[in-house]
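>
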Amino acid sequence: MRVPDHPILGSAPAAEKVVIEVDGRKIEAIRGEPIAAALMANGILVNRYTAKRREPRGVFCGIGRCTDCMMIVNGIPNTRTCITAVEEGMVIQTQRGKGDVR
Amino acid sequence: MNRSVDVAIVGAGPAGICAAIETARRGARVLVIDENHTPGGQLFKQIHKFFGSARHRAGVRGIEIGRELVDSAVKAGAEFLTDSAALGVFPGPRLAVNVGNEEAIAVSAKRILLATGATENAVSFPGWTLPGVMGAGAAQTMLNVNRVLPGNRILMIGSGNVGLVVSYQLLQGGAAVLAVIEAAPRVGGYAVHANKIARAGVEILTSHVVTEARGVDRVTSAQVAKVDDRWTPIKGTEREFEVDAICIATGLNAMTELARMAGCRIVHLRELGGYTPWHDRRMCTSLPEIYVAGDAAGVEEASSAMEKGRIAGISILEDLGFIAPCDAQTERDDLWKSLEALRQGPFGNTVRRGYDRLFGDESRCSSCTSAHRGEDFMVGSAPRKAPGYPSDTRLAKGPVAVIECTQEIPCNPCESACARHAITVGDPITSLPRLDEDKCNGCGRCIAYCSGLAIITIDAAYSDTEALMGFPYEFLPCPNKGDEVSLVDRLGKPIARGRVMRVTKPMDGTRVVYAVAPKELIHDIRGIKWQAGGESQ
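Line by line, the protein sequences are chains C and E.
First residue of the first sequence: 59, per my numbering; consecutive thereafter.
First residue of the second sequence: 33, per my numbering; consecutive thereafter.
(1) Could you pull out every residue in the same chain whose Cβ sits closer than 7 Å to the Cβ of Ile490(E), ignoring the five residues on either side in sequence?
(2) In chain order, what residues of the same chain have a beta carbon less than 8 Å from the beta carbon of Gln201(E), not counting five sequence neighbours either side?
(3) Taking a cut of 7 Å between CB atoms, which residues from the segment 59 to 82 of chain C lie near chain E?
(4) Compare the Cα-Cα distances from Glu244(E) to each of Glu134(E), Arg58(E) and Thr252(E) and report the closest residue.
(5) What did DSSP end up calling Leu519(E) once you bin it into helix, strand or coil?
(6) Just the C-alpha distance for Ile172(C) and Gly247(E), rounded to the nearest angstrom, thanks.
(7) What's the call for Pro71(C), buried or exposed, on a 16-neighbour Cβ count within 10 Å?
(8) Considering only the alpha carbon of each residue, which of Ala96(C), Glu74(C), Pro92(C) and Lys110(C) lies closest to Lys84(C)?
(9) Could you list which residues in chain C have their beta carbon closer than 7 Å to that of Pro163(E), in chain order?
(10) Looking at the unbroken alpha helix (DSSP H) that takes in Asp351(E), where does it start and where does it end?
(11) May I ask you to list the residues that DSSP assigns as paired with Ala547(E)?
(12) What number of angstroms, rounded off, separates the C-alpha of Ser111(C) from the C-alpha of Thr542(E)?
(13) Which runs of the beta strand (DSSP E) fall wholly inside the segment 156 to 224 of chain E and span at least 3 residues, in chain order?
(14) Compare the Cα-Cα distances from Glu134(E) to each of Glu152(E), Thr114(E) and Arg143(E) and report the closest residue.
(15) Answer yes or no: do Leu75(E) and Arg35(E) have a C-beta to C-beta separation smaller than 8 Å?
(16) Note down the Cα distance separating Phe507(E) from Val39(E), rounded to an integer number of angstroms.
(17) Does Lys142(E) come out as helix, strand or coil in the three-state DSSP assignment?
(18) List, in order along the chain, the chain E residues whose C-beta lies closer than 7 Å to that of Ala95(C)?
(19) Determine whether the beta carbon atoms of Leu203(E) and Ile236(E) lie at a separation below 8 Å.
(20) With a cut-off of 8 Å on the beta carbons, I'd call Ala328(E) and Ala147(E) a contact; round off their distance for me.
(21) Under the assumption that Phe531(E) contacts Val548(E) (Cβ atoms under 8 Å), give the Cβ distance between them as a whole number of angstroms.
(22) Touch check for the segment 157 to 166 of chain E and the segment 113 to 123 of chain C: three-plus C-beta pairs under 8 Å?
(23) On a CA-only basis, which of Ala128(E), Gly109(E) and Thr308(E) is nearest Arg292(E)? Give me that one, please.
(24) If you measure from the beta carbon of Ile85(C) to each beta carbon in chain E, is any gap under 8 Å?
(25) Indicate whether at least one CB of chain C lies closer than 8 Å to the CB of Phe82(E).
(26) Taking C-beta to C-beta, are Ala56(E) and Ala118(E) nearer than 8 Å?
(27) Report the CB separation of Val517(E) from Lys561(E) in whole angstroms; it is logged as a contact under 8 Å.
(28) Once the 5 residues before and after Ile461(E) are set aside, which same chain residues still bring their CB inside 8 Å of it?
(29) Determine, for Glu145(C), whether the minimum Cβ-Cβ distance to residues of chain E falls below 8 Å.
(30) Using a Cβ-Cβ cut-off of 8 Å, state whether Leu146(E) counts as contacting chain C.
(31) I'd like to know if the segment 126 to 136 of chain C and the segment 279 to 297 of chain E are in contact, where contact means that at least 3 CB-CB pairs between them fall below 8 Å.
(32) Nearest-angstrom Cα distance between Arg126(E) and Glu67(E)?
(33) Could you name the residues of chain E that Pro92(C) contacts, counting a contact when the two beta carbons are closer than 8 Å?
(34) May I ask you to list, following chain order, the residues of the segment 202 to 228 of chain E that have a beta carbon less than 8 Å from some beta carbon of chain C?
(35) Could you tell me which of Tyr481(E), Asn512(E) and Val411(E) sits nearest to Ala90(E), measuring between CA atoms?
(36) If you check the beta carbons only, do Arg60(C) and Arg250(E) fall under 8 Å apart?
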């Protein structure tokens with residue numbers, strides 16, 4: 059859920075809305091915000107499933123350390139979505155396992 | 033393109049930026065490298081007012097300090113290389129840097145400063161890997177930087193200052209914080225922070241742990257149990273909470289990867305977060321060309337990180353011949369004094385012990401073993417004997433400030449806030465604020481200056497049966513004149529109804545809401561609760 063008004067931060071600054079695609083579904087995001095934030099604002103919490111036990115993982119550290127939020131972004135797997143900025147038309151997929159790097 | 037500079041700083045947080053300001057303003061060529069999009073480190077999620085003294089920017093919100101520091105560094109001539117991760121340190125010394133995920137460059141520097149900060153500790157329990165379970169810092173970033181609420185019904189694990197402050201910020205963002213879960217028998221952070229969330233109705237469960245988080249693709253519930261004195265859950269004490277997020281605030285540890293790679297000696301100092309690069313009082317590591325500062329040199333908080341960064345900057349300037357050794361020593365002595373002021377008092381005990389061990393001053397440790405944290409703080413207790421609490425005689429005469437500050441924490445903005453000099457903290461800055469009740473006219477100016485929101489005003493002479501009470505208020509929506517509100521006690525329990533008489537304009541985000549309250553409850557009412565539409569929660 060987005061927070062448009064905040065007692066300390068005031069009203070959210072004007073933002074450029076863009077559309078990104080997540081597992082085939084189009085969602086609204088803000089250009090420049092971390093992908094993980096856009097997903098969370100749209101209620102998407104699972105970023106990947108682990109290789110061995112197929113367990114779901116979501117944002118844990120939020121600063122690019124833990125790698126729990128890695129997804130496939132524009133075809134590139136293992137992208138840390140908490141520190142990767144949203145761009146118009148990005149294609150994002152939930153990552154299953156380790157991802158293929160070619 | 034490869035680069036060559038005098039000083040390469042890894043990390044554009046408070047320590048790195050302060051070091052950049054010191055070195056760049058005296059002519060050194062400085063490059064600050066950070067993997068984030070904007071410099072400022074974690075300051076931009078710290079929307080609370082800082083503690084300390086004016087020198088430590090007390091009373092100013094972290095986000096504001098971040099902006100000021102970045103401005104000063106740019107003005108001083110420091111260059112920032114953002115979106116760029118330092119991948120490694122090599123002899124030379126040289127840094128390998130991944131610039132914008134597009135180009136790998138080598139940065140040669142005469143001195144390298146590692147100001148890489150710290151990372152959050154995790155606690156593991158069944159279900160802790162479920163989406164929705166996250167570090168408190170991650171939740172804070174989501175909310176305060178990205179303006180996305182990480183959950184609506186949140187459980188916080190850990191009652192240190194991070195757990196307490198982030199709980200308050202989650203409330204400010206509009207979430208419900210169901211409880212703070214603390215394994216230790218008492219609250220770890222400042223009483224003023226605990227009181228802020230207690231007044232808002234958040235339960236602080238000490239001697240409790242989360243035993244399990246449940247859910248399929250995201251956390252949906254948590255089981256909490258009381259623990260015995262060996263931290264083992266007691267059967268039959270389990271409680272179930274329906275949640276959509278669990279935040280973990282169980283401390284931090286220094287990020288030492290680059291220091292390890294460089295070959296710096298690493299020591300383990302439990303008091304400073306664990307493994308830490310060994311360094312001296314000049315902030316120099318075991319390698320003469322590598323310095324360390326901020327939380328990477330021992331976990332504390334942002335105010336100390338800034339001072340540690342400045343010390344490192346001065347020492348580097350001294351090495352490179354920009355300033356004379358005697359001048360460097362004078363400046364360092366002054367900065368150390370400021371740093372030690374921040375580490376005073378019972379809450380600084382652990383950190384002081386850590387540095388005493390690091391610097392080999394073990395003999396000093398004996399002086400800081402008593403962990404006295406003020407008169408047996410209990411959340412919700414009334415500090416009638418505190419030196420900031422006015423007498424009944426004074427209360428009866430009319431408007432006066434009531435300062436519920438009972439712990440020796442390093443903080444003094446209230447002192448300078450008062451134009452009539454009715455509040456004294458003095459030296460050391462950990463002294464409790466004393467109220468000169470004859471000088472105080474209850475103007476309420478100090479309310480918004482108190483970083484702990486621990487001051488209210490009471491006018492018990494308002495009418496025969498009513499008092500006019502002024503409370504700090506930092507939530508949305510804010511009531512207006514004429515609205516009827518719930519008046520709550522120190523634990524957030526509504527104990528009376530009151531009418532709002534006046535609401536001040538926000539002073540840096542903090543408003544003062546004046547409400548009429550029953551006179552017999554002036555020692556118990558400590559806040560208001562209000563929801564738009566006139567209906568109180």
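Even glycine gets a Cβ: it sits at the ideal position worked out from N, Cα and C.
Remember, it's a predicted structure, so these values are computed and weren't measured experimentally.
For this structure:
(1) Position 458 of the second sequence, counting from 1, holds the residue named residue 490(E). Counting only Cβ-Cβ distances below 7 Å, and skipping sequence neighbours, we find Leu427, Val432, Val434, Ala499, Met501 and Ile554.
(2) Locating residue 201(E) in the second sequence gives position 169, where the first residue counts as 1. Here the set comprises Ile79, His80, Gln172, Leu175 and Asn176.
(3) Within the segment 59 to 82 of chain C, the qualifying residues are Met59, Arg60, Val61, Asp63, His64, Pro65, Ile66, Leu67 and Ala70.
(4) For this step, residue 244(E) is matched to residue 212 along the second sequence. The residue with the shortest Cα to Cα distance from Glu244(E) is Thr252(E).
(5) By one-based count along the second sequence, residue 519(E) stands at place 487. Of the three classes helix, strand and coil, the one that applies to Leu519(E) here is strand, per DSSP.
(6) No statement about residue 172(C) is possible, as the shown extent of chain C runs from 59 to 160 and does not include it.
(7) Counted from its first residue, the first sequence places residue 71(C) at position 13. Classification of Pro71(C): exposed, given that the 10 Å Cβ count is below 16.
(8) Translated into positions along the first sequence, residue 84(C) becomes position 26. For Lys84(C), the nearest C-alpha among the options comes from Ala96(C).
(9) Translated into positions along the second sequence, residue 163(E) becomes position 131. Ordered by position in chain C, the residues that pass the 7 Å Cβ test against Pro163(E) are Leu103, Val104, Pro114, Arg115 and Gly116.
(10) One-based indexing of the second sequence puts residue 351(E) at position 319. Element bounds for Asp351(E): Ala334 to Asp351.
(11) By 1-based counting over the second sequence, the position of residue 547(E) is 515. According to DSSP, Ala547(E) bridges with Met501(E) and Val532(E).
(12) The residue labelled residue 111(C) in the question sits at position 53 within the first sequence. The residue labelled residue 542(E) in the question sits at position 510 within the second sequence. Looking at the sequence provided, one finds Arg at residue 111(C) rather than Ser. Approximately 48 Å between the Cα atoms of the pair.
(13) 165 to 167, 185 to 189 and 208 to 214
(14) In the second sequence, the residue the question calls residue 134(E) occupies position 102. That would be Thr114(E), whose Cα lies nearest to the Cα of Glu134(E).
(15) Within the second sequence, residue 75(E) is the residue found at index 43, counting from 1. Within the second sequence, residue 35(E) is the residue found at index 3, counting from 1. No, the pair does not count as a contact, with Cβ atoms beyond the cut-off.
(16) In the second sequence, residue 507(E) corresponds to position 475, counting from 1. In the second sequence, residue 39(E) corresponds to position 7, counting from 1. Roughly 44 Å between the two C-alpha positions.
(17) Translated into positions along the second sequence, residue 142(E) becomes position 110. In the structure shown, Lys142(E) sits in a strand (DSSP, three-state: E or B).
(18) Here residue 95(C) corresponds to residue number 37 of the first sequence, with the count starting at 1. Contact annotation for Ala95(C) against chain E: Met174, Asn178 and Val180 [CB-CB distance below 7 Å, chain order].
(19) In the second sequence, counting from the first residue as 1, residue 203(E) sits at position 171. In the second sequence, counting from the first residue as 1, residue 236(E) sits at position 204. No; because the gap between Cβ atoms is not below 8 Å, this pair is not in contact.
(20) Translated into positions along the second sequence, residue 328(E) becomes position 296. Translated into positions along the second sequence, residue 147(E) becomes position 115. Rounded, the Cβ-Cβ distance is 6 Å, consistent with contact.
(21) Working through the second sequence from its first residue, we reach residue 531(E) at position 499. Working through the second sequence from its first residue, we reach residue 548(E) at position 516. As written in the sequence, residue 531(E) is Arg, which differs from the Phe given in the question. Their Cβ separation, rounded to whole angstroms, is 5 Å, which keeps Arg531(E) and Val548(E) in contact under 8 Å.
(22) yes
(23) Here residue 292(E) refers to the residue found at position 260 when the second sequence is read from its first residue. The candidate whose alpha carbon is nearest that of Arg292(E) is Thr308(E).
(24) Residue numbering aside, residue 85(C) sits at position 27 when the first sequence is read from its first letter. It does not; no Cβ of chain E falls within 8 Å.
(25) Within the second sequence, residue 82(E) is the residue found at index 50, counting from 1. Not one chain C Cβ lies under 8 Å of Phe82(E).
(26) As a working note, residue 56(E) is residue 24 in the second sequence. As a working note, residue 118(E) is residue 86 in the second sequence. No; because the gap between Cβ atoms is not below 8 Å, this pair is not in contact.
(27) Here residue 517(E) corresponds to residue number 485 of the second sequence, with the count starting at 1. Here residue 561(E) corresponds to residue number 529 of the second sequence, with the count starting at 1. That pair is a contact at about 7 Å.
(28) Counting from one through the second sequence, the residue named residue 461(E) turns up at place 429. Answer for Ile461(E): Gly84, Ser85, Ala373, Gln376, Pro442, Cys443 and Asn444, listed in chain order.
(29) As a position in the first sequence, residue 145(C) is number 87, starting the count at 1. Not closer than 8 Å to any Cβ of chain E, the Cβ of Glu145(C) fails to qualify, so no.
(30) Position 114 of the second sequence holds residue 146(E). No - not a single Cβ of chain C is within 8 Å of the one on Leu146(E).
(31) no
(32) For the purposes of this step, residue 126(E) is taken as residue 94 along the second sequence, with counting starting at 1. For the purposes of this step, residue 67(E) is taken as residue 35 along the second sequence, with counting starting at 1. Their Cα atoms are separated by approximately 17 Å.
(33) Locating residue 92(C) in the first sequence gives position 34, counting from the first residue. Residues of chain E passing the Cβ test: Asn178.
(34) Gln204, Gly205 and Gly206
(35) The residue given as residue 90(E) occupies position 58 in the second sequence. Closest by alpha carbon: Tyr481(E).
(36) As a first step, residue 60(C) must be located in the first sequence, where it is residue number 2. As a first step, residue 250(E) must be located in the second sequence, where it is residue number 218. The answer is no: Cβ separation not under 8 Å.
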